[in-house]
Amino acid sequence: MSRRAARRPRLVPRTLRARLVAGLLALLVLAFVGVGLATTAALRHFLVDRLDQQLAVAGGRYAASLEHGAPTDGADTRAQAPGTFGARLVSGRVTAAGVVDGDADDGVEPNDDDGVTLTSAEQRAVAALPVDGAARTVGIAALGDYRLRAVSGRDGDVLVTGLPLHPVEETTERLISLELTVFAVALVAVGVAGTLWVRWSLRPLERVAGTAEEVSELPLDSGAVALSHRVPDDDPRTEVGRVGASLNRMLDHIGSSLNRRHEIEERLRAFAADASHELRTPVATVRGHAELALRHPGPVPDPVHHSLERIDAEARRMGAIVEDLLLLARLDAGRPLADEEVDLTRIALDAVADAQATGPDHRWLLELPAEPVLVRGDADRLRQVVTNLLANARSHTPPGTRVTLGVEAAERSVRLVVADTGPGIPPELIDRVFERFVRGDRARSRSTGSTGLGLAIVRAVVTAHGGVAEVRSTADGTVFTVLLPRT
Ligand SMILES: Nc1ncnc2c1ncn2[C@@H]1O[C@H](COP(=O)(O)OP(=O)(O)OP(=O)(O)O)[C@@H](O)[C@H]1O
Ligand SMILES: [Mg+2]
Numbered sequence: 016m017s018r019r020a021a022r023r024p025r026l027v028p029r030t031l032r033a034r035l036v037a038g039l040l041a042l043l044v045l046a047f048v049g050v051g052l053a054t055t056a057a058l059r060h061f062l063v064d065r066l067d068q069q070l071a072v073a074g075g076r077y078a079a080s081l082e083h084g085a086p087t088d089g090a091d092t093r094a095q096a097p098g099t100f101g102a103r104l105v106s107g108r109v110t111a112a113g114v115v116d117g118d119a120d121d122g123v124e125p126n127d128d129d130g131v132t133l134t135s136a137e138q139r140a141v142a143a144l145p146v147d148g149a150a151r152t153v154g155i156a157a158l159g160d161y162r163l164r165a166v167s168g169r170d171g172d173v174l175v176t177g178l179p180l181h182p183v184e185e186t187t188e189r190l191i192s193l194e195l196t197v198f199a200v201a202l203v204a205v206g207v208a209g210t211l212w213v214r215w216s217l218r219p220l221e222r223v224a225g226t227a228e229e230v231s232e233l234p235l236d237s238g239a240v241a242l243s244h245r246v247p248d249d250d251p252r253t254e255v256g257r258v259g260a261s262l263n264r265m266l267d268h269i270g271s272s273l274n275r276r277h278e279i280e281e282r283l284r285a286f287a288a289d290a291s292h293e294l295r296t297p298v299a300t301v302r303g304h305a306e307l308a309l310r311h312p313g314p315v316p317d318p319v320h321h322s323l324e325r326i327d328a329e330a331r332r333m334g335a336i337v338e339d340l341l342l343l344a345r346l347d348a349g350r351p352l353a354d355e356e357v358d359l360t361r362i363a364l365d366a367v368a369d370a371q372a373t374g375p376d377h378r379w380l381l382e383l384p385a386e387p388v389l390v391r392g393d394a395d396r397l398r399q400v401v402t403n404l405l406a407n408a409r410s411h412t413p414p415g416t417r418v419t420l421g422v423e424a425a426e427r428s429v430r431l432v433v434a435d436t437g438p439g440i441p442p443e444l445i446d447r448v449f450e451r452f453v454r455g456d457r458a459r460s461r462s463t464g465s466t467g468l469g470l471a472i473v474r475a476v477v478t479a480h481g482g483v484a485e486v487r488s489t490a491d492g493t494v495f496t497v498l499l500p501r502t
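Residue numbers (my numbering): 16 to 502.
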């Protein structure tokens with residue numbers, strides 16, 4: 016859906032702020048167009064009305080004067096406004112037409128009348144005017160648009176009088192240009208003021224968004240969480256205040272749920288630590304008694320001897336698991352590790368020597384730099400990391416596999432690599448190998464004494480040292496890489 020939205024041309028702006036301002040301006044333009052059209056139409060109507068009244072007052076005097084020559088029964092061009100048009104019709108034909116000259120500089124007396132030549136179409140239009148005393152608009156090529164009014168004369172003739180429409184047009188045009196200027200200035204002013212106003216009005220919303228963003232960036236996935244962020248705008252009488260108040264309530268809930276989760280995690284951790292600690296002694300006792308019974312002088316029936324050996328072996332295994340669980344519980348609880356100078360080269364040499372002894376069928380190789388590689392940390396735990404990785408390379412690969420342990424020092428970190436040419440880790444397992452009790456081929460693993468805690472301990476110890484443990488595996492082999500910060 017979002018892809019479709021992205022492809023559609025964007026007519027509506029994206030941000031709320033831009034939308035509000037755009038909407039405001041659009042409404043304003045509509046209002047201006049409405050007001051402009053209404054005032055222009057009203058003004059024009061008013062002016063034309065006034066013109067028609069003037070026409071009614073003028074009557075047919077000027078038209079009558081055209082034929083008979085001034086002055087005729089008191090009618091005189093002098094009394095007419097400049098631009099007044101007159102025509103006399105006898106039996107539907109124009110016998111005379113003239114216009115009052117308004118130009119005072121042409122050497123003739125002002126208000127003198129000039130003859131006007133009408134085209135035949137114009138003559139027809141003038142002749143077609145109904146003699147009802149109402150004014151009509153007629154266009155005359157030589158003079159422009161006129162309001163014309165026809166009345167019947169004394170001698171059975173028709174007298175047409177007209178006044179020019181162009182002052183009306185001029186006034187209307189001036190009004191339009193004035194309105195355009197005023198509206199344009201008002202639009203700009205409203206645009207600027209509206210943007211500021213909208214920005215000011217949306218500030219509480221931005222604060223809410225800011226708080227939500229800050230919270231979304233908090234590391235909430237584990238541990239104790241101090242969720243102290245709150246939105247300042249929580250007045251329930253406003254829309255944003257309601258959102259803010261809801262957000263604050265939600266943050267309260269999240270905060271208490273996370274704290275509850277933390278408490279439960281802590282309790283579980285304490286339980287695992289206590290349980291493994293409590294198991295240590297009985298497991299050691301079982302082992303001690305099994306050993307004692309095995310060393311008993313005198314004849315012991317074979318099945319009993321076998322059972323005692325199994326008890327001894329399983330008690331050993333149980334002891335190892337308990338130790339692993341206890342170590343994990345302590346690392347989880349963030350118990351401080353020893354902080355001493357550790358020679359990784361030494362650990363690597365010892366570990367490969369031990370591996371050679373336990374797995375003589377594998378080929379063990381060591382790649383060490385000339386100088387000893389030193390890190391700060393807990394020597395026993397780091398030894399356990401190397402031992403676990405080598406034990407995996409031995410127990411999860413067939414005899415004859417080549418295993419290389421390499422240690423190298425870079426500028427800021429130390430890299431420890433255990434690479435084997437074995438069959439690799441099954442793909443469905445690879446993403447979870449560092450998790451607890453995750454192991455391949457469960458049935459076989461149990462018989463070979465595999466628990467699935469080895470790599471969990473590797474990761475926990477390495478993480479506690481501020482490093483990272485990674486694995487890459489293909490059908491041609493597996494490479495475990497441990498990066499530790501350099502001291
Ligand atoms: N080098 C390796 N080659 C192939 N598979 C491996 C290798 N290392 C680990 N694995 C697979 O990853 C699983 C998890 O290893 P991990 O060390 O955590 O447990 P484990 O070796 O099975 O038991 P534990 O180490 O607790 O005795 C193993 O069961 C195995 O299937
Ligand atoms: Mg293992």
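The C-beta atom is built at its ideal place from N, Cα and C for all residues, glycine as well.
When secondary structure is reduced to three states using DSSP, F495 falls in the strand class. A distance of 8 Å or more separates the beta carbons of L144 and V114. Secondary structure in the stretch 293-339: no beta strand (DSSP E) run of 3 residues or longer lies completely within the stretch. Taking 8 Å as the upper bound for CB-CB distance, V400 and V486 are not in contact here, some 13 Å apart. Judged by DSSP in its simplified three-state form, L468 adopts coil rather than helix or strand.
By the Cβ neighbour-count rule, W215 is exposed, with fewer than 16 other Cβ atoms within 10 Å of its own. In its chain, beyond the 5 residues on either side, G113 have a beta carbon closer than 6 Å to the beta carbon of G130. No Cβ-Cβ contact shorter than 8 Å links D67 with A140. Pairwise C-beta distances place the stretch 383-402 in contact with the stretch 357-367, as three or more of them are shorter than 8 Å. In the DSSP assignment, P179 falls outside any alpha helix (DSSP H) and within the unbroken beta strand (DSSP E) covering 173-179. Distances between the C-beta of G437 and the heavy atoms of ligand 2 are all 7 Å or more. In this model, S261 and D249 are separated by some 8 Å (Cα to Cα). Distances taken from the Cβ of L346 to the heavy atoms of ligand 1 include none shorter than 7 Å.
In this model, N403 and R345 are separated by some 18 Å (Cα to Cα). Contact check for D289 against L309 fails: the beta carbons are separated by 8 Å or more. In the pairwise beta carbon analysis, the stretch 433-448 is classified as touching the stretch 487-500: at least three pairs are separated by under 8 Å. Between ligand 2 and the CB of A406, the shortest heavy atom gap is smaller than 7 Å. The Cβ-Cβ distance between R264 and D347 does not fall below 8 Å. Shown here for L444: same chain residues with a beta carbon closer than 6 Å to its own, the five before and five after excluded, namely G455 in chain order. V448 sits in coil when the DSSP states are folded into three classes, being neither helix nor strand. Residue pairing for E485: DSSP places it in a beta bridge opposite T496.
Annotation for N403 indicates a beta carbon within 7 Å of some heavy atom of ligand 2. L266 and R245 do touch by the CB rule: their CB atoms are close to 6 Å apart, below 8 Å. In this structure, DSSP gives V432 an extended state, which the three-state scheme calls strand.
Straight through space, the alpha carbons of L352 and L342 are spaced by roughly 11 Å.
With a contact defined as Cβ atoms closer than 8 Å, G482 and V497 qualify at about 6 Å.
G421: member of the beta strand (DSSP E) spanning 417-424, first to last residue.
A straight line joining the alpha-carbon of P318 with that of E306 spans about 16 Å. The C-alpha of L39 is placed about 25 Å away from the C-alpha of R257. Residue side-chain check: L273 keeps its Cβ at 7 Å or more from all non-hydrogen atoms of ligand 2. For G49, the enclosing alpha helix (DSSP H) has its first and last residue at 31-73.
The distance from the Cβ of R332 to that of G464 is about 6 Å, consistent with a contact at the 8 Å cut-off. Contact between R222 and P247 is confirmed by a C-beta separation of about 6 Å, below the 8 Å threshold.
In the DSSP assignment, D358 forms a beta bridge with L389.
Nearest to G225 by alpha-carbon distance, out of A102, A46, A208, G259, is G259.
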